[in-house]
Amino acid sequence: MSRADWFEEGGLHNLSRSSFTDPEDMERSDFVNPEEKMRTWTSALVWVPTGLNKSRQMSMQELLETYTDSTEKFPTAIYLHGCTGLWSGSSLRMKFLADNGILAIGPASLARKKYAQSCNHVTHEGGMYREAVTIRRIDAAHAIERTKELPFVDAGNMLLIGLSEGGITTATFTSMQKDLSVRARVVEGWTCHTAWADQAGVRAPASEPVLSLVGANDPWFREPSLQGHCGEMMNRDNGSKSVVYKTGQLANRHELLEFREVQDETLAFLQQHMDLPMSVKEIQQHLTELGYDPGPVDGAWGAKTLAALNALRADEGLPPVTELDRAGQAWLRDVKDR
């Protein structure tokens, strides 16, 4: 089984899970069972930044073995999958985050032994088990708490991000009892509208700006009670933003972050509200403003961008490099700000 397929073939997706628990057999004690919560953590999907536009997928065990003694502090995202579980799209989204310097951890709620099916992705039927979102909030809290304890995580520089059911969880997650705060939230594929009051609206505190992304004609939200967008419930004074895609193919999509336009929107929001390493596009923009030609300002790290960077370094009396680490990024910012 390849790394790319382990979550889809390993029981962490609706299509690969051998069976689901009858909703009538689910008990509240199952929701908070420490062993069940731990399964979602140890089975988490992880993507780690390894350089400019570079990242690596690994297991939670590999992450702990590799980075526990590291002095680096990563900005970190907790990624909440949709109702079908972890899939290739989860990996794509988490890789996007890691390529931009954010350690991404995706707890696997379907790793629980007792779990009731909450949707049918073929028929676009959701809400099959209402308490699924309660469980997802518990798993999110557990993941945030454990992540903040990791020595290589910048605990004050975290993101909560989710798709679909994970987006519902992201929008409505609250952390009243412990410091489970994050710097920002991203809600993909959810309108924040539902007749179920416990799943409606945006419950992020004013200190946590929210970006929501939704297609105007999302096929999952045809029922009148589900239509709308999260912007109608947001705190607009803290930088929160609702983006509704009304034209083109994005208008009819549920999954949006596969597209460059949406990734650019998301990255701009994260750069505004989190402390992130410089993106390749930022480096290219700085070089251009300083009079060096990095080629197209397209976010792609290539020979021309590297040549422009090393030309600047030569003019500053510095040796050439093959990439730009955090110290090099700080130097480039200083040069630009002179």
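So for the sequence shown, the working numbering puts the first residue at 992; every next one is plus one.
Glycine included, C-beta positions come from ideal geometry on N, C-alpha and C.
Length of the line joining the Cα atoms of residue i and residue j
i, j, result
"H1277", "K1327", "7 angstroms"
"K1045", "S1100", "27 angstroms"
"A975", "Q1218", "As displayed, the chain neither begins before 992 nor continues past 1329, which places residue 975 out of reach and without an answer."
"Q1190", "C1183", "8 angstroms"
"D1266", "N1148", "7 angstroms"
"D1130", "D1228", "29 angstroms"
"A1107", "T1125", "12 angstroms"
"S1034", "A1305", "47 angstroms"
"A1291", "M1049", "24 angstroms"
"T1257", "M1017", "37 angstroms"
"S1270", "N1091", "6 angstroms"
"E1056", "D1170", "26 angstroms"
Cβ-Cβ separation, residue j to residue i (assumed contact under 8 angstroms), whole Å
i, j, result
"T1160", "G1153", "5 angstroms"
"E1156", "R1127", "6 angstroms"
"E1179", "L1247", "6 angstroms"
"V1205", "S1231", "Rounded, the Cβ-Cβ distance is 14 angstroms, inconsistent with contact."
"E1280", "L1043", "Not quite, the Cβ-Cβ distance comes to about 19 angstroms (not below 8 angstroms), so this is no contact."
"V1173", "L1151", "5 angstroms"
Cutoff 6 angstroms; reference residue i; Cβ partners in own chain excluding five residues on either side
i, result
"K1105", "T1012, D1021"
"M1224", "C1183, G1192, V1193"
Residues of its chain near residue i, where Cβ-Cβ distance is below 7 angstroms and the 5 sequence neighbours each way are ignored
i, result
"W1032", "M1051, P1098, H1133, A1134, R1137"
"L1083", "E1249"
"G1158", "V1178, E1179, G1180, W1181"
"W997", "In this prediction, W997 has a pLDDT of 46, which is less than 50 and means its spatial position is unreliable; what the coordinates show is noted afterwards. Taken in chain order, the list of residues that qualify is empty."
"N1208", "A1242, N1243"
"Q1254", "F1087, L1248"
Cβ neighbour criterion (16 or more within 10 Å) applied to residue i
i, result
"K1272", "buried"
"A1102", "buried"
"K1237", "exposed"
"V1144", "buried"
"E1026", "exposed"
"G1239", "exposed"
"H1072", "buried"
Three-state secondary structure (DSSP) of residue i
i, result
"T1067", "strand"
"Q1320", "helix"
"M1269", "coil"
"P1287", "coil"
"P1098", "coil"
"I1093", "coil"
"V1253", "helix"
"A1175", "strand"
"V1023", "helix"
"N1243", "helix"
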